[in-house]
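In my numbering, the protein residues as written are 332 to 469.
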């Protein structure tokens, strides 16, 4: 499971999910990419499940890039706990995803196979996504 090696603060504030991605919203490395259409905190287990699905589908050919990393600790208080007594313990790590952010890229593989892998990976994620292709320069 993905998680940072070191963090400055063990617990962070929640923040807000608003706006579109202004960085990481272009296909930079591969020929085909999976792009988020909704804001979400993507858990490390979601990213790992999609990554494994892509690798199995493309038979570890070509190259795959994971463009998101879970660096936000999400804390929760136990069930049936009264209010107060501080913030809960960190439960899992999440990546903050805004609409337009590129999640995964694939290169060096047949486009039909890569598209099939991206559809499979999208089914593992809890948000709506779309498949984007690198624009060709002619």
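Note that the Cβ used here is the ideal one computed from N, Cα and C, for glycine as well. Predicted model, so just to flag it, every value in this text is computed and none were measured.
Within its chain, find whatever has a CB closer than 6 Å to the CB of residue i; leave out the 5 residues flanking it on each side and keep chain order.
i           : result
residue 448 : 385, 388 and 389
residue 412 : none
residue 440 : 389, 392 and 393
Report all residues from its chain with a CB closer than 7 Å to the CB of residue i; omit the five preceding and five following residues, and keep chain order.
i           : result
residue 438 : 360, 361, 362, 393 and 394
residue 400 : 333 and 426
residue 467 : none
Quick check on this structure: which residue in the options has the alpha carbon closest to the alpha carbon of residue i?
i           : options               : result
residue 445 : 458, 465, 432 and 456 : 465
residue 430 : 365, 452 and 414      : 365
residue 457 : 442, 372 and 435      : 372
residue 432 : 335, 451, 370 and 417 : 370
Using a Cβ-Cβ cut-off of 8 Å (strictly less than) and excluding sequence neighbours within five positions of residue i, which residues of its own chain qualify?
i           : result
residue 455 : 377, 380, 381 and 384
Taking only three categories from DSSP, how would you classify residue i?
i           : result
residue 338 : coil
residue 357 : coil
residue 410 : coil
- Are three or more beta carbon pairs between the region 403 to 411 and the region 419 to 426 nearer than 8 Å? yes
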